[in-house]
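Following: one structure in structure tokens, then a few remarks.
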Amino acid sequence: MAKSKEFWLDGFEGPVKGGLFYRSSTAIDIETVEEKFGVKVVGIRLEPDYESGKAQWTIEYLTTLTKEDIAERYPEVVKALATGTDEIHEAEEEDKKNGKS
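Under numbering that gives the first Met the number 0, residues 0 to 100 are what the sequence shown spells out, in order.
Here is the structure:
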């Protein structure tokens with residue numbers, strides 16, 4: 000498992016007064032993205048997903064690849080982003096059902 004990493008909110012100034020723990024699979028997700036796409040995740044960007052009507056956030060994994068690099072290597076990712084489809088997640092769920100991973 001990866002070593003502890005800290006990410007700070009852009010523009011935050013002042014002392015940190017405390018914290019809380021919440022079990023999350025984000026570290027596992029980062030490792031999965033790095034392995035699946037052969038990239039190094041160097042940061043994350045969180046955005047609230049107001050359109051879904053659910054209390055959830057969209058996580059963007061920031062890498063050293065350009066958008067052009069990603070489009071060339073993984074056109075299915077760009078297609079899913081451009082069309083708003085969830086084909087990638089549907090394919091991953093199908094793989095899990097069929098014992099692939």
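The beta-carbon is built from N, C-alpha and C at its ideal position, and this holds for glycine as well.
Supposed close pair THR57, LYS39 - CB separation, criterion 8 Å: The beta-carbon distance between THR57 and LYS39, rounded to whole angstroms, is 21 Å. This is too long to meet the 8 Å contact definition.
Any non-hydrogen atom of the ligand GTP closer than 7 Å to TYR21 Cβ: With respect to small molecules bound, the structure shown includes none, and the ligand GTP cannot be examined in it.
Residue span of the alpha helix (DSSP H) that contains GLU12, given as start and end: Boundaries for GLU12: no alpha helix (DSSP H) harbours it, and the DSSP string shows neither H nor E there.
C-alpha gap between THR92 and ASP28, whole angstroms: Going by the sequence as given, residue 92 is Glu instead of Thr. Answer to the nearest angstrom: the Cα atoms are 15 Å apart.
Secondary structure, beta strand (DSSP E): runs of 3+ residues fully inside the stretch 12-71: If we require 3 residues or more, the beta strand (DSSP E) runs fully inside the stretch 12-71 come out as 40-47, 56-62.
Candidates GLY10, LEU45, ASP9, of which the one nearest THR25 by Cα: Among GLY10, LEU45, ASP9, the Cα nearest to that of THR25 is on LEU45.
Backbone CA spacing between ASP48 and GLN55 [nearest angstrom]: The C-alpha of GLN55 is placed about 6 Å away from the C-alpha of ASP48.
From ASP94, LYS96, PRO74, residue whose alpha carbon lies closest to that of PHE36: Considering only alpha carbons, the answer is PRO74.
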